[in-house]
Amino acid sequence: MTITVCVPDERFAAALEGLAVRVVTSLDPPADTEFLVPIYMAGPVPAATLAALPRLKVVQLLSAGYESWRSVLPAGVTLCNARGVHGASTAELAVGGLIAVLRDLPRFAEQQRTATWERHRGDTLDGASVLVLGAGDIGARVAGAVSALGADVTMVGRTARDGIRTLADVGALLPYQQAVVVALPLTPATAHLLDAQFLAALPDGAVVVNVARGAIVDTGALLAELRRGRLRAFLDVTDPEPLPAGHPLWHAPNLLLTPHVGGGTTGWERRARSLVRAQVGRYLAGEPLVNEV
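Count along the sequence shown from 1, then add 1; that gives the number in our numbering.
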């Protein structure tokens with residue numbers, strides 16, 4: 002029997018040409034949908050909509066994050082994320098943002114706007130201690146990049162293994178870190194992980210980088226440290242998100258902010274379409290899917 006695959010648009014439909022599937026492009030998945038690819042960054046499909054799809058077996062996300070889908074997914078449905086699709090671009094943004102803050106590039110950008118030629122000595126990754134929270138695709142790429150620039154990297158993952166520490170070790174590591182890069186999934190264990198106590202343990206001048214989920218950082222606690230001038234930060238994600246126009250983060254000192262664009266590069270759709278085609282092919286062949294979460 003031919004299965005029905007529901008995808009976001011015609012470009013994803015074209016990626017499935019040649020496979021023995023019925024492809025539907027619709028915001029409202031038909032009742033016989035067996036393999037669903039939701040729209041990128043649109044949030045989870047309502048639980049009632051998913052419950053009305055009795056043949057649904059797989060939801061393939063186009064994002065690395067999947068936390069908000071846990072509460073709406075029917076029992077027995079496999080959830081896969083897009084690990085590997087956004088890893089390089091998100092790690093690139095994390096490292097770029099970290100370097101921008103260390104070298105005080107926003108200050109030089111302001112000097113350019115005012116035609117001010119004034120030198121200022123910045124910081125460097127060479128010899129710096131960098132704590133990378135998250136040992137997945139993004140975290141591993143960040144660690145590799147900053148290591149290549151001379152940083153002394155400590156990685157933290159869910160389980161201890163060769164070269165990787167756990168969250169239980171973090172408290173003892175914080176006083177020695179010039180930067181902390183957050184690349185963890187949002188879970189009950191990581192929500193507000195970077196709270197006032199965590200941030201207070203970092204040395205003066207340390208940089209906090211978050212390219213994961215905004216709620217991993219306690220926004221109020223970080224704002225307090227930024228306003229005191231003790232810490233610096235680069236945030237691609239915030240809590241709340243989108244950030245309201247009047248929110249104090251917009252005007253916080255010592256902060257570089259981008260609007261959740263870690264995966265927003267020109268090549269992401271090509272990689273995503275390749276992943277979707279490969280996953281549908283595996284499903285048809287009865288092979289294990291990748292990126293199950």
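Virtual Cβ for every residue (Gly too), placed ideally from N, Cα, C.
- Scanning its chain for C-beta atoms nearer than 6 Å, with the 5 sequence neighbours on each side dropped, one finds around D124 the residues L103, in chain order.
- With at least 16 other beta carbons inside 10 angstroms of its own, D219 counts as buried.
- Counting of Cβ neighbours within 10 angstroms places D10 among the exposed residues, the total staying below 16.
- Where T34 is concerned, the enclosing beta strand (DSSP E) starts and stops at 34-37.
- For Q280, the three-state secondary structure derived from DSSP is helix.
- When DSSP states are grouped into helix, strand and coil, E293 belongs to the strand group.
- Cβ atoms of H87 and W269 come within 8 Å of each other, at about 6 Å.
- In the DSSP assignment, A201 falls within the unbroken alpha helix (DSSP H) covering 197-201.
- Within the segment 78-153, the complete beta strand (DSSP E) segments at least 3 residues long are 79-81, 130-134, listed from N- to C-terminus.
- L244 sits away from L223, with the two beta carbons spaced by 9 Å or more.
- Going by C-alpha positions, L276 is about 14 Å away from V6.
- In the DSSP annotation of this structure, the continuous segment of the alpha helix (DSSP H) that includes R228 starts and ends at 220-229.
- Beyond the five residues adjoining it in sequence on each side, V78 comes within less than 8 Å, by CB distance, of L51, L57, K58, V59, V60 in the same chain, given in chain order.
- Contact between V281 and L99 does not hold, since their C-beta atoms are separated by about 37 Å, which reaches or exceeds 8 Å.
- Around the CB of W251, fewer than 16 other CB atoms lie within 10 Å, so the residue is classed as exposed.
- In chain order, Q61, L290, N292, E293 place their CB closer than 6 Å to the CB of C81, counting only its own chain and leaving out the 5 sequence neighbours on each side.
- In the structure shown, I4 adopts extended strand secondary structure according to DSSP, grouped into three states.
- Ranked by how close their Cα comes to the Cα of L63, the residues A49, M42, Y284, R71 have M42 in first place.
- Separation of the CB atoms of A253 and V210 is rounded to 15 Å, and the pair is thereby denied contact status at 8 Å.
- Residue burial annotation: V212 is buried, with at least 16 other C-beta atoms found within 10 angstroms of its C-beta.
- Here the segment 160-177 lies against the segment 131-142, with 3 or more beta-carbon pairs under 8 Å apart.
- Looking only at A184, G44, A110, the smallest Cα-Cα distance to A144 is reached by A184.
- T155 and L232 have their C-alpha atoms roughly 20 Å apart.
- In this chain, the alpha helix (DSSP H) harbouring T50 covers 48-52.
- T26 has V8 as its beta-bridge partners, per DSSP.
- In this structure D240 is in contact with A216, their Cβ atoms being roughly 4 Å apart against a cut-off of 8 Å.
- Taking the CA atoms as reference points, S27 sits about 41 Å from A101.
- Here A141 has no same chain residue with a Cβ atom under 7 Å from its own Cβ, once five neighbours each way along the sequence are excluded.
- Each of L74, L285, E93, H193 was checked against the Cα of G263, and the nearest Cα belongs to E93.
- G66 sits in coil when the DSSP states are folded into three classes, being neither helix nor strand.
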